[in-house]
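Q:
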Amino acid sequence: GELIRLQFRLKPVSDSDYITLLDVHSRIFRELDANEKIAYSKLINNQQISQEEEKLIQHIQDKIIEKFGDVDKNNDHIFEFLLNNVELIVDPPFIREEYVSLWKELGLGTRALVYEKCKELLRIDEELEVDLFPSIR
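Just so we're aligned: the sequence shown equals residues 18 to 154 in the numbering used here.
1) Spatial neighbours of VAL131 within its chain, please: CB distance less than 7 Å, with the 5 preceding and 5 following residues excluded, ordered by chain position.
2) Quick check on LEU138: buried or exposed, where buried means 16 or more other Cβ atoms within 10 Å of its Cβ?
3) Compare the beta carbon distance of ALA51 and GLU70 with 7 Å and say whether it is the shorter of the two.
4) Assuming contact is defined by CB atoms lying nearer than 7 Å, are GLU48 and LEU73 in contact in what I supplied?
5) Measure the alpha-carbon distance for PHE111 versus ILE36 and round it to whole angstroms.
6) Between the alpha carbons of LEU60 and PHE46, how many angstroms are there, rounded?
7) Whose CA, out of PHE96, ILE95, LEU119 and GLU97, lies closest to the CA of ILE106?
8) Would you report the Cα separation of SER29 and LYS90, rounded to the nearest angstrom?
9) If you follow the beta strand (DSSP E) that LEU139 is in, where does it begin and where does it stop?
10) Checking 7 Å against the spacing of the C-beta atoms, do ILE95 and ARG140 come in under that value?
11) Nearest-angstrom Cα distance between ARG22 and ASN63?
12) Sort ASN92, GLU97, LEU125 and GLN65 by Cα distance to ARG113 and report the nearest one.
13) Where does SER152 sit, in a helix, a strand or coil, going by DSSP?
14) Report yes if the C-beta distance between LEU125 and ASN101 is below 7 Å; otherwise report no.
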């Protein structure tokens, strides 16, 4: 394949869009009980975990797969986010239909990379999870 360099601009994200992004990233953690939250906090903060906590973490991973295992739904969410919030820096600017074609043509792998970079720029990443679930001392 040919290597192409693209420059994108992340448009300002509304409060409701930001909350939706955050919700997608942390929805599962609202359902955890206190013991699961402690085990997860220990895991992400590189603290030693017991065998029981290991079982809880496996249970959390099962929940994540159950909640977010729908690839088509996640793909639709990523596509809509990019379509509404990310623009290519070109002159003249693209119209919406051109963005639809662009995001479809780039494929899921590239869309996922751009989406993850946007979440990183918005601080919706593992660091935020650490902030939401600080180390239990």
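Glycine residues also receive a C-beta, built at the ideal position from the N, C-alpha and C atoms.
Small disclaimer: the values here were computed from a predicted structure and weren't measured.
A: From the atom records:
1) Annotation for VAL131: PHE25, LEU99 and VAL103 place their beta carbon closer than 7 Å to its own, counting only its chain and skipping 5 residues before and after.
2) LEU138 is exposed by the Cβ-count criterion.
3) Going by C-beta atoms, ALA51 is not nearer than 7 Å to GLU70.
4) Using a Cβ distance threshold of 7 Å, GLU48 and LEU73 do not count as a contacting pair.
5) A straight-line Cα-Cα distance of about 27 Å links PHE111 and ILE36.
6) Cα to Cα, LEU60 sits roughly 14 Å from PHE46.
7) The residue with the shortest Cα to Cα distance from ILE106 is LEU119.
8) Residue identity differs from the one stated: residue 29 is Pro in this sequence, not Ser. Taking the straight line from one Cα to the other gives about 24 Å.
9) Premise fails: LEU139 is in no beta strand (DSSP E) and is neither H nor E.
10) Remark: C-beta atoms of ILE95 and ARG140 do not approach each other more closely than 7 Å.
11) In this structure, the alpha-carbon of ARG22 lies about 37 Å from that of ASN63.
12) Comparing Cα positions, the closest option is GLU97.
13) Residue confidence is low: SER152 scores 49 on pLDDT, short of 50, so the model does not pin down where it sits. No coordinate-derived value is stated.
14) No, the Cβ-Cβ distance between LEU125 and ASN101 is not below 7 Å.
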